[in-house]
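Heads up: the structure comes next, in structure tokens.
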Amino acid sequence: MALGVKRGTFQEDAREVVCVSFRHTHCKGTSKNTKDNVLERVQQGRMSGKGSVTRSVRIEKDADERLRNLASQGDTSVNTLVNRALRKFVEWDAYGEKFGFITLPSVILIKLMECLTDEEAKQLGAWAGKNLVKEYITFWFKELTAETLLEGFPKLFAKYGRAFAYEELVEDDRRVIILKHSGGSRWSTFYEEALRTAFRDHLQREIRIDKSENQVVVRLRLYGERIK
Amino acid sequence: MSPSSSVTRTIRIERDVDEFLRKFGDREGVSVNLLVNKAIRRLVEWDIYAEKFGLVALPTSLIERLMDYLTDQEATELGRWVGENLIPEFITFWFKEVSLQAMVVGFPRLQSRYGRAFEYEEHVEGGKWTIIFKHGAGSKWSLYYEALLKTAFRDLLKTDLLIDKTDDQVVARFLLK
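The listed protein sequences correspond, in order, to chains A and B. All letters in the first sequence, in the order written, are residues 1011 to 1238 by the working numbering. All letters in the second sequence, in the order written, are residues 902 to 1078 by the working numbering.
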């Protein structure tokens, strides 16, 4: 790997993350601001050597027992499992439940998309790039920039949404990002159009995209010249 | 939470996570302890299996729009296919056996609580069951759930359903002692 080049992947992490639900208890339809420095916190979450605090918590007995079993089966500690659960809550579920996400088997999504024509997949991707990506990024990070878009859409989405595996190459302001989705050519068309539209409409930037049946590769410069 | 049903654990939490939990708990009027417990419960009841089973989370508005492109017949066919193939796999994966309890309580409650595809209600009196899927996603999703439920109940519990559906809700009634 060239000096100064960073690579990242979320496929490994995706098998280990956990989250929390509160829709039936205390989750309020709220306009209160709960998004303080999300980008910073998400980026901190990948840094090693950060500080920690000790907390005593009362855990429901059956849940504790299942946690201990999981830890022992997975050759890890209960503390590690709890931290992964909480990290997912902080980065994803605290916003995801308010934003509105549905979890479905990936095979249903593949079958749904197979019912669309290429043109319809493209049309849906353009709608998502123009509307959904903007809403999603703004909800999480409060502002839409090249950094928050890349952090939120491919990266967090891969880590917690699990719709695709994500790889990135960072070299100065050059980015190469890879979405490996395994969903077939129409999902490639959808992602291509969603990304192209999001970068063009919201950031006035053109991106280069190479797609194959189950993968989309995006190349861009973060601080390149804007489209007039 | 009564003391007898819980245990005390001391855990080390990453500082930024702890800070977020405290602020979030304050804003939402809940304790950090409650947030930690909900995170753990979600892990042990859902996420551990969801990742292995291949579940994917997408925005509700995207899923609803996707279904809008299907014809009524395609929506019905998809529901039938899921009822025949995916539901038995899902129930066996989570509960290790197909039973009445898993079909009408375990599966829909989990899907409702964590999958968030619909709100779920069930009522039983003298073997007469009523289950309700309130999905709020339009008529094609009602067709999908109707076909899914009819197929799964016929194949797995050898039971026919009476379905009463509207655009955003599906009500299934059946007799099972």
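Each residue gets a CB set at the ideal place from its N, CA and C atoms; glycine is no exception.
Cutoff 7 Å: residue i Cβ touching any chain B Cβ
| i | result |
| --- | --- |
| A/S1192 | no |
| A/F1149 | no |
| A/D1220 | no |
| A/K1121 | yes |
| A/S1261 | Missing from the structure shown is residue 1261 of chain A; chain A here goes from 1011 to 1238 and no further. |
| A/S1198 | no |
| A/I1188 | no |
| A/V1228 | no |
| A/S1195 | no |
| A/V1240 | Any question about residue 1240 of chain A goes unanswered here, given that chain A covers just 1011 to 1238. |
| A/R1206 | no |
| A/G1110 | yes |
| A/E1202 | no |
| A/D1074 | yes |
| A/K1071 | yes |
| A/S1058 | Residue confidence for A/S1058 is low, a pLDDT of 43 falling below 50, so the modelled location carries little weight; the figure read from the coordinates is stated next. Chain B, which has no Cβ nearer than 7 Å to the Cβ of A/S1058, makes this no. |
| A/R1236 | no |
| A/R1078 | no |
Beta-carbon spacing of residue i, residue j below 7 Å
| i | j | result |
| --- | --- | --- |
| B/A1073 | B/L1050 | yes |
| B/L1062 | B/G1028 | no |
| B/V977 | B/A1048 | Before going on, a small fix: residue 977 of chain B reads as Thr here, not Val. A contact, by the Cβ cut-off of 7 Å. |
| A/A1081 | A/L1091 | yes |
| B/E965 | B/A1038 | yes |
| B/S906 | A/R1068 | no |
| A/Y1233 | A/D1183 | yes |
| A/I1112 | A/G1193 | no |
| B/Y950 | B/W995 | yes |
| B/K1066 | B/M968 | no |
| B/V933 | A/V1100 | no |
| A/A1073 | B/I914 | no |
| A/V1143 | A/F1163 | yes |
| A/G1110 | B/T961 | yes |
| B/I912 | A/N1079 | no |
| A/S1066 | B/V957 | no |
| A/C1125 | B/E998 | no |
| B/T1052 | B/E985 | yes |
Interface flag, residue i vs chain A, CB-CB below 7 Å
| i | result |
| --- | --- |
| B/T1031 | no |
| B/E975 | yes |
| B/V937 | yes |
| B/R981 | no |
| B/F1075 | no |
| B/A1048 | no |
| B/I988 | no |
| B/A1053 | no |
| B/S1043 | no |
| B/L1040 | According to the sequence provided, residue 1040 of chain B is Ser. The question's Leu does not apply to it. It does not: the Cβ of B/S1040 has no partner Cβ on chain A nearer than 7 Å. |
| B/I1064 | no |
| B/A1003 | no |
Beta-carbon contacts of residue i that lie in its chain and below 6 Å, excluding the five residues immediately before and after
| i | result |
| --- | --- |
| A/V1227 | I1188, D1220 |
| A/K1140 | T1207, D1211 |
| A/H1036 | Any reading at A/H1036 needs caution, since the residue's pLDDT is 34, under 50, leaving its predicted position unreliable; the model's value is listed next. Excluding residues within five positions, none has a Cβ falling inside 6 Å. |
| A/L1230 | R1185, I1217 |
| B/H1083 | The first residue shown for chain B is 902 and the last is 1078, placing residue 1083 of chain B beyond what the model contains. |
| A/M1123 | R1196, W1197 |
| B/F1054 | T1060, L1062 |
| A/T1044 | Confidence is the limiting factor: at A/T1044 the pLDDT is only 44, short of 50, which leaves the residue's position unreliable, though a coordinate-based value still follows. Closer than 6 Å at the Cβ level, and outside the excluded window around A/T1044, lies no residue. |
| B/V937 | none |
Own chain residues within Cβ distance below 8 Å of residue i, not counting five before or after
| i | result |
| --- | --- |
| B/Y1021 | P1009, R1010, Q1012, S1013, I1032, I1033, F1034, K1035 |
| A/E1223 | G1194, S1195, S1198 |
| B/F1100 | Lying outside 902 to 1078, the shown extent of chain B, residue 1100 of chain B is not represented and no answer is given. |
Cutoff 7 Å; reference residue i; Cβ partners in own chain excluding five residues on either side
| i | result |
| --- | --- |
| A/K1132 | T1199, E1203 |
| B/F921 | none |
Residue i beta carbon near the ligand MG (any heavy atom closer than 6 Å)
| i | result |
| --- | --- |
| A/A1168 | The model depicted lacks the ligand MG and carries no ligand whatsoever. |
Quiz item: Using a beta-carbon distance cut-off of less than 9 Å, what residues from the segment 944 to 961 of chain B approach chain A?
Solution: So the list reads L944, V945, E946, W947, D948, I949, A951, E952, K953, F954, G955, L956, V957, A958, L959, P960, T961, given in the order they occur along the chain.
* To do: With 8 Å as the C-beta to C-beta threshold (strictly closer), list the residues of the segment 1151 to 1180 of chain A near chain B in chain order.
  => Listed by position, the residues of the segment 1151 to 1180 of chain A near chain B (Cβ gap below 8 Å) are Y1170, G1171, R1172, A1173.
Quick one, which residues of the segment 909 to 922 of chain B are near chain A if we go by CB-CB under 8 Å, in chain order? Those residues of the segment 909 to 922 of chain B that come within reach of chain A (Cβ to Cβ, closer than 8 Å) are T909, R910, T911, I912, R913, I914, E915, R916, D917, V918, D919, F921, L922.
Start-end ranges of the beta strand (DSSP E) lying completely within the segment 1153 to 1209 of chain A, minimum 3 residues: With a minimum length of 3 residues, the continuous beta strand (DSSP E) runs that stay inside the segment 1153 to 1209 of chain A are 1175 to 1181, 1184 to 1190.
Positions along the segment 1006 to 1024 of chain B whose CB lies within less than 8 Å of some CB in chain A: Taking 8 Å as the Cβ-Cβ cut-off against chain A, the residues of the segment 1006 to 1024 of chain B that qualify are R1014, Y1015, G1016, R1017, A1018.
The segment 1083 to 1099 of chain A: positions lying closer than 8 Å to chain B by Cβ:
Listed by position, the residues of the segment 1083 to 1099 of chain A near chain B (Cβ gap below 8 Å) are V1088, N1089, L1091, V1092, N1093, R1094, A1095, L1096, R1097, K1098, F1099.
Alpha helix (DSSP H) segments (min. 4 residues) lying fully within the segment 959 to 1011 of chain B = Along the length of the segment 959 to 1011 of chain B, whole alpha helix (DSSP H) runs at least 4 residues long occupy 961 to 969, 973 to 982, 988 to 996, 1008 to 1011, reported in chain order.
Pull out every residue of the segment 1123 to 1135 of chain A whose Cβ sits closer than 8 Å to any Cβ of chain B, in chain order.
Of all residues in the segment 1123 to 1135 of chain A, only M1123, C1125, L1126, E1130, L1134 come within less than 8 Å of chain B when Cβ atoms are compared, listed by chain position.
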